[in-house]
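Undergrad:
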Amino acid sequence: MISPKLVEVGRHTNINLITNSEIENIEGEPGDFDVTLVNRPRYIDPVKCTGCGECARHCPVTAVNYYNMNLDDRRATYIEYAQAVPLAFAIDTDTCIGCGLCENMCIAKAIDYDDKERTSKLKAGSVILSAGSRGFDPSSLDYLGYGKFPNVVTSEEFERILSASGPYFGHLMRPLDREEPKKIAWLQCVGSRDKNRSGNGYCSSVCCMYAVKEAMISKEHAHGDLDCAIFNMDIRTFGKDYEKYYLRAKDKDGVRFVKARIHTITEVPETGDLSVWYVDETGATQEETFNMVVLSIGLQIQPKTVELAQRLRIELNEYNFTSAAPFAPVKTSRPGIYTCGVLQGPKDIPSSITEASAAACLAGADLAEARGADIQKITVPDEIDISGQEPRIGVFVCNCGINIGGIVDVPAVREYAATLPNVTFTDDNLFTCSQDTQDKIKEVIIEHKLNRVVVASCSPKTHEQMFMETLEACGINKYLFEMANIRNQNSWIHSKTPEIATQKAKDLVRMSVARAAVLNTLKEKIVPINKQALIIGGGIAGMNAALGLGKQGFDVVLVEKDTQLGGFARQLHHTIEGEDIGAYIEKLIADVEADNKIRVLKNTRIVGFEGFKGNFATEVIVDGSDDKEKIKHGVIIVATGASEYKPEEYSYGEDKRIVTQVELGHRLEEQGASDLDSVVMIQCVGSRNDENENCSRICCQNAVKNALDIKRLNPDAQVYILYRDIRTYGLLEDYYTKARELGVIFIRFDQAAPPEVQASDDGVLVRIKDHILQQDVDIRADLLTLSAGMVAEDTDELSGIMKLNRNPEGFFIEAHVKLRPVDMPSDGIFLCGSAHAPKLISETIAQAQAAASRATTFLARDEIKLSAITAKVDTDYCVKCLTCVRSCPFEVPVFNTHEKVIEINEAICHGCGVCTAVCPRETIQLSFYEDDQITSKIDALLAGGM
Amino acid sequence: MTEKSGSVLVLGAGIAGMQASLDLANSDYNVYLVDNSPTIGGMMSRLDKTFPTNDCAM
Amino acid sequence: MRLEYPSNVKIVRVPCTGKVDVSHLLRAMQQGADGAYCVGCLEGTCHYNEGNLRCRERVEHVRNLLEEVGLEGDRVRMYNLSSGEGPTFAAYAKEMTEHIKELGANPLSQKQKAAA
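As you go down the protein sequences, you meet chains G, P and X in turn.
Under the working numbering, the letters of the first sequence match residues 1483 to 2428, in that order.
Under the working numbering, the letters of the second sequence match residues 2 to 59, in that order.
Under the working numbering, the letters of the third sequence match residues 58 to 173, in that order.
1) Drop a sphere of 10 angstroms on the beta-carbon of residue 2126 of chain G, count the other beta-carbons inside from all chains shown, and report buried for 16 or more, exposed for fewer.
2) Looking at the structure shown, is residue 1887 of chain G part of a helix, part of a strand, or coil, going by DSSP?
3) Within its chain, find whatever has a CB closer than 6 Å to the CB of residue 1528 of chain G; leave out the 5 residues flanking it on each side and keep chain order.
4) Between residue 1872 of chain G and residue 1904 of chain G, what straight-line distance do the alpha-carbon atoms span, to the nearest angstrom?
5) Which whole-angstrom value is the C-beta distance of residue 2251 of chain G and residue 2231 of chain G, which I expect to be below 8 Å?
6) Within its chain, find whatever has a CB closer than 7 Å to the CB of residue 1543 of chain G; leave out the 5 residues flanking it on each side and keep chain order.
7) Indicate whether at least one CB of chain G lies closer than 9 Å to the CB of residue 69 of chain X.
8) Report the residue ranges of all beta strand (DSSP E) runs contained in full by the region 2053-2101 of chain G; include only those spanning at least 3 residues, in chain order.
9) By the DSSP assignment, the alpha helix (DSSP H) with residue 1995 of chain G in it spans what residues?
10) Mapping the DSSP letters down to three states, classify residue 2122 of chain G as helix, strand or coil.
11) Do you know how far the Cα of residue 162 of chain X is from the Cα of residue 2428 of chain G?
12) Just checking residue 2082 of chain G against the ligand GTP - is the residue's beta carbon closer than 8 Å to any of the ligand's heavy atoms?
13) Can you pull the DSSP bridge partners for residue 1774 of chain G?
14) Pull up the CB-CB distance for residue 79 of chain X and residue 115 of chain X, whole angstroms please, since I reckon it's below 8 Å.
15) Going by DSSP, name the residue or residues bridged to residue 2160 of chain G.
16) In terms of alpha-carbon separation, which member of G:1694, G:1832, G:2219 lies closest to residue 2300 of chain G?
17) Three or more beta-carbon pairs under 8 Å between the region 2091-2105 of chain G and the region 1990-2003 of chain G, yes or no?
18) Using a Cβ cut-off of 9 Å, pull out every chain P residue sitting near residue 143 of chain X, in sequence order please.
19) Go to residue 1954 of chain G, then tell me how far its alpha helix (DSSP H) extends in each direction, as first and last residue.
20) Whose Cβ in chain G lies nearer than 7 Å to the Cβ of residue 113 of chain X?
21) Output the boundary residues of the beta strand (DSSP E) element that contains residue 2407 of chain G.
22) If the cut-off is 9 Å on Cβ atoms, which residues from the region 1658-1684 of chain G count as contacting chain X, listed in chain order?
23) With distances taken between CB atoms, is the gap from residue 28 of chain P to residue 1846 of chain G smaller than 9 Å?
24) Going by the CB atoms, is the gap between residue 1491 of chain G and residue 22 of chain P shorter than 9 Å?
25) Report the rounded CA-to-CA distance for residue 2208 of chain G versus residue 1718 of chain G, giving the unit in angstroms.
26) List the residues that DSSP assigns as beta-bridge partners of residue 97 of chain X.
27) For the region 2237-2251 of chain G against the region 2261-2276 of chain G, do three or more pairs of beta-carbon atoms, one drawn from each stretch, fall closer than 8 Å, so that the two count as touching?
28) Run down chain X in chain order and give the residues with a C-beta less than 8 Å from the C-beta of residue 2392 of chain G.
29) Just by C-beta distance, which residues in the region 1504-1526 of chain G are closer than 8 Å to chain X?
30) If you follow the beta strand (DSSP E) that residue 1503 of chain G is in, where does it begin and where does it stop?
31) So the candidates are G:2382, G:1850, G:1634; which of them puts its Cα closest to the Cα of residue 1754 of chain G?
32) Within its chain, find whatever has a CB closer than 8 Å to the CB of residue 1927 of chain G; leave out the 5 residues flanking it on each side and keep chain order.
33) Is there a Cβ from chain P that is less than 9 Å from the Cβ of residue 1691 of chain G?
34) For residue 72 of chain X and chain G, any beta-carbon pair shorter than 9 Å?
35) Mapping DSSP to helix, strand and coil, what is residue 2226 of chain G?
36) For a minimum of 3 consecutive residues, which ranges assigned as the beta strand (DSSP E) are wholly contained in the region 1615-1681 of chain G?
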């Protein structure tokens, strides 16, 4: 999943990668910082290095492989992993013996033993710190036996064990004897939620989910029945759809979840198995033996990051996170320097990505007037018209140093290519990708009037784009290019049989030449972008998104269905940190209304919608007017929000002493708590049940917040929180700890045995089974507070009009839960706030700023180039059977009832080719993958007689 | 008032740093993406699969 | 990863297995390929939602068609793996090759040779 992003970052002309480096100092002021970097030597020039790996193959030194968590070895000359970006090796001088073998082997002359540490300076207007974390080191926790017992591993190590590219090639084995375990235990909260032993009072937020994942994946890898047990205090699967994942593991995959506090781990000497001694929920000591134990280690900021923060004069909290004010989640204490990811606070990947975009929003907004000033504009010459020309193919066969040339007889392949139809030029190169070869290819294209190019070298995944740009630079349409992968798919695979490799290289080149001959010039359609944004919803999310875009200089229309801005947060008083929400909203509304870039339409309904990315048109009715107004805009941000669930459980609505958390918040604000002797709270009302399987994420902290308020207002009041799992993730854990210290009583119950509630004259009586006492307990409450979950706003009409997909709970669906948490599946439409899923105000603000950043990536351009790889229908032969309409996963083909033809809008076509394959008359073709462009390869391959 | 720079420096090329860099680069800002190690990708590149889809992390 | 797999496997790139047409597979068999297989993403993880599921259906269809004309349907198969599973790719290539060796040469290719 990450590798396409690695490639995109590595290739982006506006991104300069500076590896092996850190920040020494930042001087100057926001907008105009002077940054000093320390660049440590790599000893291999990443520009010259082709990633061929000959250096590492000849390196005689064995070194511990840090990348695989020290579970296997690598060479002193190394690359971390196969997909690494930059694809360049480095020398680890801690182990290098300086023998010079790699220098001798390197044909690219990339190795430089004299490389030295340098400092360099550069100018930047803003800075984003995303230094991340490492796993907590459990060596100091004696009772776990890590480092002493080989079969106790950390979750980081276990990830590598499971990985196909890891030390055991993805085979589930334990370190001691490389035997497959039959029983594995995961121990949660190692280095988290444990201030006494680890110093970390926070919850790391990710360990429950990754332990569930590791257990599920282990079961898949295992050859027989694998018993997986996760020992935990609470299971914290609070993210969007995470509860469903947990239930799947528990109910379907049979992963065991054991409520426990770990006492100690001992090793069974003969077998290397491990006895886990723990205290169960009743307080009894238990023992169970496992073949392997995985420690679910928390996230920990590295000491060198702490030193960096000190150098940069950036404040960290007591756990070394930058975690800032709830209303400014990605700001640091130093203006112009922003923060995101785990450095900001413990969090998972989607939240990190969201925050990263939020940081980009603020970092960019500070420099809006200088946008475009520092980037290179690439100019491309006019394209040469090749229509009517016979194919004139140039074939370039790459030696890739000795990667291909050392096995395949490259001159023979070149000579063979010259005999193939339509081939007018052939050459072989030491490195076809090197700059001087690129220049040579350009000369040859012009000199020999080539109109198609085949490069036989490595993978199109990493190099196709580069060669296409070479074609463009001399006026040849970039789609008149084809690659034969004679390295990854050939010389690397058949290195022991050079003759077979040479024959296969010839076959692959013959296939590619055949395809090249039938390639067509393709045009990437250019569409203009309307630079106005439409934001739906005027709550905290919508207003923050609007301000973010306004600061970037774009016009915004903010549509709110209510008669006032503010949304659900108007019901809230202060955050758990004590920040005044009402004052924040007033300020936000004032800022929005004062911003001349933002047009606010209140009491407004959306009634019509059409268009695609960059060119949308939405019809609205304002104030019940008879006239519709049509708004043209280039992007959409959906921020329709959510509100508190109205409970049907526990006699809610029948007795005014039974209230929700939001109602309790009002009451405490207005009446205080001096008249309250006893308050009972029940968690998970309307969440984590059959109707709504998901966790509502915010209710645990809401209960703790109100409990702390009651204790502040009336220290003598008794507060009971009846819960299933307390999910005060991240830094919220400190408030949970504080509540317990102040005497708030937490009692756990099972979903199958919920509390019983009965209203009486004497108060509300609550009966619950106490797990520790193993008996029913009766509690009398002056006030019963239900922690009602969050429900999405009613968006039935809106989602129908705009064709926006929602999940069964009514929350909008993002493009990808992991990597695209702010984008919606259709390009140009973004999502933020609780319209996406329940979340805290700070998280809502981050996602709103993220949506503004994602929208800016569209609005910053005057036009967009659409992919040329789209489906095209030949309407003359189409019989309008509508199979394509029914089959397209993105609802792209439509029947134009006026023209009576099928239309495929290339602006929204994803280029998957499903329609082309289902079309019974083969009247749809996918450009660049047309039928003859595929069958030509098949025919050419089989014509060689295999 | 000093003239503003059109460049942003991002420290740490894990998934967060990469996403911040891509957003800025695609919004026509110049980005310096600085990382301590010889390779970008950070913690995520070390993971096997990812929750809740069990997609391959790499 | 440089994992070895048999050299008689040659790859034709498509954007998604959902693009693979019944006619492409039949063309390969008609031209004398001894076997053909599609390698798609794991089921449920298709970038285009269900391209790999469609491909599986088409592969099933081709297998039936081959049986009807007297060829072994099992010369055509569908495999699924994720992009991080190089060793699995190599294992499937070996499995398919071994399997095709057991079935022997495609009779159509022998006919072609005889005619030539």
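From the three backbone atoms N, C-alpha and C, an ideal C-beta is built for every residue, glycine too.
TA: On the basis of the coordinates in this document:
1) The residue is buried, with at least 16 neighbouring Cβ atoms inside 10 Å.
2) Collapsing the DSSP output to three states places residue 1887 of chain G in coil.
3) 1568, 1570
4) 8 Å
5) 7 Å
6) 1557, 1558, 1577, 1578, 1579
7) yes
8) 2080-2083, 2086-2094
9) 1980-1999
10) coil
11) At residue 2428 of chain G, the pLDDT of 48 sits below 50, so the modelled position is not reliable and the matter cannot be decided from this model.
12) What this structure holds is no ligand at all, so the ligand GTP is not there to describe.
13) The partner list for residue 1774 of chain G (beta bridge, DSSP) reads G:1666.
14) About 5 Å; that satisfies the 8 Å criterion.
15) G:2200
16) G:1832
17) no
18) None at all; the shortest Cβ gap to chain P is about 10 Å.
19) Looking at the DSSP string, the run of the alpha helix (DSSP H) that includes residue 1954 of chain G is 1942-1955.
20) Residues of chain G passing the Cβ test: none, with the nearest at roughly 13 Å.
21) 2406-2408
22) none
23) yes
24) yes
25) 7 Å
26) X:137
27) Short answer: they touch.
28) 105
29) So the list is empty, because no residue satisfies the distance condition.
30) 1503-1511
31) G:1634
32) 1876, 1935, 1953, 1956, 1958
33) For residue 1691 of chain G, the nearest CB of chain P lies under 9 Å from its own CB, placing it at the interface with that chain.
34) For residue 72 of chain X, at least one C-beta of chain G is nearer than 9 Å to its own C-beta.
35) coil
36) 1634-1636, 1665-1672
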